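Undergrad: Residue numbers (the numbering used here), protein chains in the order written: chain G, -12 to 279; chain X, -13 to 254. Note that CB positions come from ideal geometry on N, CA and C, so glycine has one too. The structure presented is a predicted model; accordingly, all values stated were derived computationally and were not measured. Dropping a structure here in structure tokens format, bear with me for questions.
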Amino acid sequence: MNTQNIIWGVGLRPAHYSDWHTQTKIPALEIMADNLLHHRGGPALWHTKRIVDRAALCVLHGVGINIGGLSPLSTKYLGGLKDLIQIFKPRVVSDHLCFTQARGIQSYELLPLMRTKKAIEHASARIDRIQQALGVRFSIENVSAYVNYKDDAFPEGEFVSEIAQRSGCGILLDVNNVYVSAMNFNLNPEDEIKRFDLNAVTQIHVAGHSTRDDFLFDTHDSAVCAEVWELLKKTLGSLRFSENKILPIILENDERNTSLKTLLDELKNGSQFCGEGISIGQPPHSSGESHV
Amino acid sequence: MSEKNIETTLPFIYQWSFVEWMTSLDARTPLESELCDVVTSESLYRLETYQSSFLSRISSNLSETIFETCENLFGAEVVAKVLAGFFKFHPPTADSITDAPIQLPEHLRATADTKEALLFADVADVCMMRWRILTAEDPHGVSPRGDTPLDAVHLLSPSEYIAPSGKHDLAAAWEAGSEKTSEHLPDSLFNDSAGLLLVKSSPTDLTFVRVPTKLNEFVRALVAGLSIEYATDAFEQSAAADAENCLALLTEFMAKMQAQGLLTQRSP
Ligand SMILES: [Fe+2]
């Protein structure tokens, strides 16, 4: 792909609000929708508006829509998301392909779906309703998994891509999640990436993970490991994009207790390793239009 | 098939088993739960990681957003234990984690067996009120003026008032909880009947005002939206015994509020 299409960025966190205010240039930022949902005012909204106003672009990311779940979609949640879309005009709006609740009880966790034909039909229909309710193209993210099911009928990449194809949504490809799940189930991460429809990718995540006993856990609390940067580099090498397409790559850091400087240094090093300098400021081909 | 019907269909029933097992903090091991029929035997032992994440995610999120003062006063371990006890009886149903503990103070008052637990309930109430008002609409169209005459003022909105429980000095508790303390909770926190008024004075600032007992009715009326004249009526009725003293107290209180920029000229 043409690396000029990539806009690098990080997740926006309250701990960095004051540092962002003094930064002269702000890269792409990812807003955690759930941290602002239903806020009518107050510090989080106040800071986010002022910081995002100066950012190269922003993307909106949620954790609670319950795409693969069975409880009816929450109109209150979708309404809150729609308000945020109107305020921030994000380039990508996303949530995870998973379930988070059942019979109205919330787990607040990203629980892995059983990868069956029925699940594909169900999730595709729900994404259809989500896109209609929000009035934008939605993107779904692959999650890290620690368990799998006896009745899983599809590899994850095929499962996600089939749903994206049926519903017309995009894919937020989390390279760290692919790596974590692949390692947890003795699969080859590079092979797993190839199972995704890379033409449908609208955004990429990288993040750190940790080790628990004999498996990997997606914690976002540490630096991105060399293997994940390597996997990202190879993934970018396989991407083919049209000239006007912008691809945000976000370094997630929601559980990290680190300075903004450390984070931006890591982003710069990672982006250089992947074959280009960090792109800060206006996106090279941006028309200011959202492509959600 | 409608969404309601599908919820009980076989291909999806594992979702309920999963969430029920996680959130009820079921003492059964994964092997003893229904999940062992659907999860591969090689990965079954990792289910426990989901159960432990459930509580730690809620606790850390609520401590960062709402219950920081509780954590400073009582310690992180106590807060985590209180939340675990609460969510075992009230599995969360709210979309946002920050809406999940709405019934917590009520639950604590019903189950408290120590004076510290009752103080926790009252402080939790203040924490939740702080969060509610902080995320509500910001005040606009008014600017603080120190020289506004008393009869032409109203409280900035949105503001909320906590009536005294008669058991705790919440303003003092709030102050004591502004930073982590390893000290024993002072006895003075446990015997007072002052009220507490929270006023949002800007998008990023909340002011906590200790309300003298004798002015409770006056402030309650103001926050309920009554005009200053009606609020004064309420105050006079409740303070008939020593009206003169109370009037002095009221004047002093209002002057203090004005000096803090919490009273402004009524918007046109
Ligand atoms: Fe992610």
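Between the C-alpha atoms of Ser148/G and Arg206/X, what's the straight-line distance to the nearest angstrom?
TA: On the first sequence, residue 148/G is found 161 positions in, with the first residue counted as 1. On the second sequence, residue 206/X is found 220 positions in, with the first residue counted as 1. So the two alpha carbons sit approximately 58 Å from each other.
Undergrad: How do the region 67 to 84 of chain X and the region 91 to 102 of chain G stand: do at least 3 beta-carbon pairs fall below 8 Å, yes or no?
TA: Counting Cβ pairs under 8 Å, three or more are found: they touch.
Undergrad: Does Asn244/G pass the burial test, meaning 16 or more other C-beta atoms within 10 Å, or should it be called exposed?
TA: For this step, residue 244/G is matched to residue 257 along the first sequence. Asn244/G should be labelled exposed.
Undergrad: Tell me which same chain residues have a C-beta within less than 6 Å of the C-beta of Phe72/X, skipping the five on either side of it?
TA: The residue you call residue 72/X lines up with position 86 of the second sequence. So the list reads Leu90 and His93, once near-sequence residues are dropped.
Undergrad: Could you work out which residue in Pro30/G, Lys105/G, Trp33/G and Gly122/G is closest to Gln73/G when comparing CA atoms only?
TA: What you label residue 73/G is simply residue 86 of the first sequence in a count that begins at 1. It is Gly122/G.
Undergrad: Since Val65/X and Glu57/X should fall inside the 8 Å C-beta cutoff, what is the C-beta to C-beta distance between them, to a whole number of angstroms?
TA: Residue numbering aside, residue 65/X sits at position 79 when the second sequence is read from its first letter. Residue numbering aside, residue 57/X sits at position 71 when the second sequence is read from its first letter. That pair is a contact at about 5 Å.
Undergrad: Grab the span of the alpha helix (DSSP H) containing Phe53/X for me, first residue to last.
TA: Here residue 53/X refers to the residue found at position 67 when the second sequence is read from its first residue. From DSSP, Phe53/X is part of no alpha helix (DSSP H); its letter is neither H nor E.
Undergrad: Cutting at 7 Å between CB atoms, please list the residues of its own chain near Leu33/X, excluding the five before and the five after it.
TA: Walking along the second sequence from the start, residue 33/X turns up at place 47. Around Leu33/X: Pro16, Leu21 and Val25.
Undergrad: Under the DSSP definition of a beta bridge, which residues are partnered with Tyr147/X?
TA: In the second sequence, the residue the question calls residue 147/X occupies position 161. For Tyr147/X, which the question treats as bridged, DSSP gives the partners Leu183/X.
Undergrad: Contact defined as beta carbons within less than 8 Å: I believe Leu226/G pairs with Leu185/G. What is the distance between those atoms, to the nearest angstrom?
TA: As a first step, residue 226/G must be located in the first sequence, where it is residue number 239. As a first step, residue 185/G must be located in the first sequence, where it is residue number 198. The Cβ separation is near 5 Å, so the contact holds.
Undergrad: Sort Val134/G, Leu219/G, Ile18/G and Pro14/G by Cα distance to Gln37/X and report the nearest one.
TA: Translated into the one-based positions of the second sequence, residue 37/X becomes position 51. When only C-alpha atoms are compared, the closest one is Val134/G.
Undergrad: Cβ-heavy atom distance between Ala169/G and ligand 1 below 7 Å?
TA: Taking the first residue of the first sequence as position 1, residue 169/G is located at position 182. It does not: the Cβ of Ala169/G is nowhere closer than 7 Å to a heavy atom of ligand 1.
Undergrad: What runs of the alpha helix (DSSP H), each 4 residues or longer, lie entirely inside the region 64 to 145 of chain G?
TA: If we require 4 residues or more, the alpha helix (DSSP H) runs fully inside the region 64 to 145 of chain G come out as 104 to 121.
Undergrad: Using alpha carbons as the reference points, say which of Ala157/X, Asp85/X, Tyr147/X and Thr84/X lies closest to Leu105/X.
TA: Locating residue 105/X in the second sequence gives position 119, counting from the first residue. Here the closest residue by C-alpha is Ala157/X.
Undergrad: For the pair the region -1 to 16 of chain G and the region 51 to 59 of chain G, tell me if three or more CB-CB distances fall below 8 Å.
TA: No, they do not touch.
Undergrad: Within 8 Å (strictly less), CB to CB, does Trp160/X reach chain G?
TA: As a first step, residue 160/X must be located in the second sequence, where it is residue number 174. Taking Cβ atoms only, chain G never reaches closer than 8 Å to Trp160/X, which makes this a no.
Undergrad: May I have all residues whose beta carbon comes closer than 5 Å to any heavy atom of ligand 1, sorted in chain order?
TA: Qualifying residues come out as Asp161/G and His192/G.
Undergrad: What first and last residue would you give for the alpha helix (DSSP H) that runs through Glu214/G?
TA: Position 227 of the first sequence, counted from the first residue, corresponds to residue 214/G. Counting along the chain, the alpha helix (DSSP H) containing Glu214/G begins and ends at Ala213 to Ser225.
Undergrad: Between which two residues does the alpha helix (DSSP H) holding Asp6/G run?
TA: Walking along the first sequence from the start, residue 6/G turns up at place 19. Where Asp6/G is concerned, the enclosing alpha helix (DSSP H) stretches over Tyr4 to Thr9.
Undergrad: Using only alpha-carbon positions, find the residue among Glu177/G, Leu174/G, Gln118/G and Gln259/G that is nearest to Val80/G.
TA: To locate residue 80/G, count along the first sequence from 1; it is residue 93. Of Glu177/G, Leu174/G, Gln118/G and Gln259/G, the residue nearest in Cα terms is Gln118/G.
Undergrad: Counting only beta-carbon atoms, is Arg199/G nearer than 8 Å to chain A?
TA: In the displayed structure, chain A is absent; the protein chains listed are G and X.
Undergrad: Could you tell me whether any Cβ in chain X is nearer than 8 Å to the Cβ of Lys69/G?
TA: Translated into the one-based positions of the first sequence, residue 69/G becomes position 82. Chain X, which has no Cβ nearer than 8 Å to the Cβ of Lys69/G, makes this no.
Undergrad: Given a cut-off of 8 Å on the beta-carbon distance, is the pair Leu44/G and Arg78/G in contact?
TA: Within the first sequence, the letter at position 57 stands for residue 44/G. Within the first sequence, the letter at position 91 stands for residue 78/G. It is a contact, given that the beta carbons lie within the stated cut-off.
Undergrad: Within its chain, find whatever has a CB closer than 6 Å to the CB of Val50/G; leave out the 5 residues flanking it on each side and keep chain order.
TA: Against the first sequence, residue 50/G aligns to sequence position 63. Correct list, in chain order: Asp21.
Undergrad: Contact criterion: CB-CB distance below 8 Å. Does Gln73/G meet it with respect to chain X?
TA: Stepping through the first sequence from its first residue, residue 73/G is reached at position 86. Chain X, which has no Cβ nearer than 8 Å to the Cβ of Gln73/G, makes this no.
Undergrad: Tell me, which residues are paired with Cys45/G by DSSP?
TA: As a first step, residue 45/G must be located in the first sequence, where it is residue number 58. Cys45/G pairs with Leu16/G.
Undergrad: Does Val80/G come within less than 8 Å of chain X when only Cβ atoms are used?
TA: Numbered from its first residue, the first sequence carries residue 80/G at position 93. Not an interface residue.
Undergrad: Cα-Cα, which of Trp2/X, Glu18/X, Ala162/X and Leu120/X is closest to Thr87/G?
TA: Counted from its first residue, the first sequence places residue 87/G at position 100. Taking only the C-alpha atoms, the option nearest Thr87/G is Trp2/X.
Undergrad: Under the three-state reduction of DSSP, which class applies to Ser197/G: helix, strand or coil?
TA: As a first step, residue 197/G must be located in the first sequence, where it is residue number 210. Strand at Ser197/G.
Undergrad: Residues of chain X with a CB under 8 Å from the CB of Thr103/G: which are they?
TA: Residue 103/G sits at position 116 when you count from the first residue of the first sequence. Chain X residues near Thr103/G: Pro(-3).
Undergrad: For Tyr147/X, which of Leu171/X, Ala162/X, Asp178/X and Leu182/X has the nearest alpha-carbon?
TA: Translated into the one-based positions of the second sequence, residue 147/X becomes position 161. When each option's Cα is compared against that of Tyr147/X, the closest is Leu182/X.
Undergrad: For a quick check, are the C-beta atoms of Leu174/G and Asn129/G less than 8 Å apart?
TA: By one-based count along the first sequence, residue 174/G stands at place 187. By one-based count along the first sequence, residue 129/G stands at place 142. It is not a contact, given that the beta carbons lie outside the stated cut-off.
Undergrad: Within 8 Å, do at least three Cβ pairs link the region 185 to 200 of chain X to the region 112 to 128 of chain X?
TA: Segments in contact, yes.
Undergrad: Along the chain, where does the beta strand (DSSP E) containing Asp191/X start, and where does it finish?
TA: For the purposes of this step, residue 191/X is taken as residue 205 along the second sequence, with counting starting at 1. Unbroken beta strand (DSSP E) run through Asp191/X: Asp191 to Val197.
Undergrad: Quick one: residues in its chain with C-beta nearer than 6 Å to the C-beta of Lys65/G, no 5 flanking neighbours on either side, listed in chain order?
TA: Mapped onto the first sequence, residue 65/G falls at position 78. With the sequence shown as reference, residue 65/G is identified as Leu, and Lys is not the correct amino acid for it. Counting only Cβ-Cβ distances below 6 Å, and skipping sequence neighbours, we find Ala120.
Undergrad: Give me the chain G residues within the contact set of Leu33/X, using Cβ-Cβ distance strictly less than 9 Å, ordered along the chain.
TA: Within the second sequence, numbered from 1, the residue matching residue 33/X stands at position 47. Near Leu33/X (Cβ distances below 9 Å), the residues of chain G are Tyr133 and Val134.
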